[in-house]
Amino acid sequence: MSVEMAIELKTLGNYKSVLGESPVYDMEKNKLFWVDIDGKKIIINSLDTNEENYYNTPDVVTSLCLIDNIRIIVTLRHGFHILDLTTGKILPFLELQNDKENRFNDGKCDVMGRYWAGTMNLDIESPKPTASLYKLEDKKLTKVLEKLYRSNGLGWDPDNELFYLIDTPLRKVFEFDFDKNKGDIYNKRVVIDFKDEPGRPDGMTVDEEGHLWIAHSAGGKVSRWNPKNGEKVFEIKLPVVYVSSVTFGSPEMNRIFITTMSRGGEPLAGRLFTTKVNIRGLQSYKFLI
């Protein structure tokens with residue numbers, strides 16, 4: 002049985018996103034990077050100074066990974082692009098070809114520096130299984146999975162032996178065995194079923210105990226799950242309905258950051274929320290180029 006966790010949520014910064022997503026914490030600079038997909042912006046919050054900076058993108062921007070102190074790599078609608086943080090210039094890195102039914106969605110880098118990013122079918126109301134999961138290694142793009150509806154939140158367990166992926170319209174979280182040296186995934190199985198949960202599973206992160214934290218789009222909360230038995234441990238209610246993603250950050254890695262959407266009409270819809278928790282998260286990894 003799950004319990005609601007009593008915590009004090011605060012908003013971070015002033016930016017109000019149309020569709021906030023893909024929060025990534027930079028431990029070296031103590032900064033949080035995230036995107037506004039439909040607002041076509043990358044937002045950076047300095048946790049030391051509370052300074053907030055923005056970068057415009059030429060198309061919808063759906064996920065990001067850090068490269069080094071001056072570059073990040075992002076997924077736009079149909080490809081990977083590199084943003085120079087010193088100049089603001091964004092240049093194509095690799096494009097998907099002939100994929101008009103889908104666009105990129107969520108993505109993250111693994112422990113070996115590969116960028117895993119999935120696509121989603123553009124028909125939101127009646128999606129078709131035309132989407133895929135890709136793996137970018139240097140400049141080689143490999144299709145890892147196909148026949149997905151909307152590839153969404155993803156992550157790895159603390160030992161980098163398991164890989165997790167959400168397919169939102171199916172309302173399921175899948176687990177795979179993960180070979181970190183080869184970058185391969187095997188033995189797909191369902192570990193969490195959202196059929197009795199409000200909203201739809203969206204973005205996801207993993208904590209140091211191997212539990213999954215999942216954002217409920219149209220469900221107004223973030224929930225923590227034990228993938229070993231598929232049970233929900235607790236949940237955190239938010240003052241907005243459309244919750245999109247969650248990650249850990251801060252030097253102690255015991256603060257969560259939650260992105261939301263402007264849909265729903267609540268005064269704080271679209272804002273970035275944060276709170277301290279008594280669990281530590283896993284660090285994010287950089288793209289190896």
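If you're matching positions, the sequence shown starts at 2 in our numbering and goes up one per residue.
Every residue gets a Cβ at the ideal spot worked out from N, C-alpha and C, and that includes glycine.
- Comparing alpha carbon positions, the residue from Pro24, Ile257, Val62 closest to isoleucine 38 is Val62.
- DSSP places threonine 260 in the strand class (E or B) of the three-state scheme.
- Setting aside the 5 residues that flank it on each side, alanine 216 is surrounded in the same chain by Asp203, Gly204, Val223, Val244, Ser245, Ser246, Val247, each with a C-beta closer than 6 Å to its C-beta; the list follows chain order.
- DSSP places aspartate 178 in the uninterrupted beta strand (DSSP E) bounded by 173-180.
- DSSP places threonine 169 in the helix class (H, G or I) of the three-state scheme.
- Residue pairing from DSSP places asparagine 227 in a beta bridge opposite Glu232.
- In the structure shown, leucine 239 falls within a coil segment according to DSSP collapsed to helix, strand and coil.
- Within 10 angstroms of the beta-carbon of serine 152 lie 16 or more other beta-carbons, which makes it buried.
- Runs of the beta strand (DSSP E) lying entirely within the stretch 31-94 and spanning at least 3 residues, in chain order: 32-37, 42-47, 53-57, 62-67, 72-77, 80-85.
- Assignment of phenylalanine 274 by DSSP, reduced to helix, strand and coil, places it in the strand class.
- In the displayed model, tyrosine 16 falls within coil according to three-state DSSP, outside both helix and strand.
- Look at alanine 118 here: in three-state DSSP terms it is strand.
- With fewer than 16 other Cβ atoms inside 10 Å of its own Cβ, serine 127 counts as exposed.
- If you draw a straight line from the Cα of threonine 131 to the Cα of lysine 189, it is about 18 Å long.
- Taking isoleucine 44 as the centre and dropping the five residues before and after it, the same chain places the C-beta of Tyr16, Trp35, Tyr55 closer than 6 Å to its C-beta, in chain order.
- Taking C-beta atoms as the reference points, asparagine 106 and methionine 121 count as a pair closer than 8 Å.
- Assignment of aspartate 27 by DSSP, reduced to helix, strand and coil, places it in the strand class.
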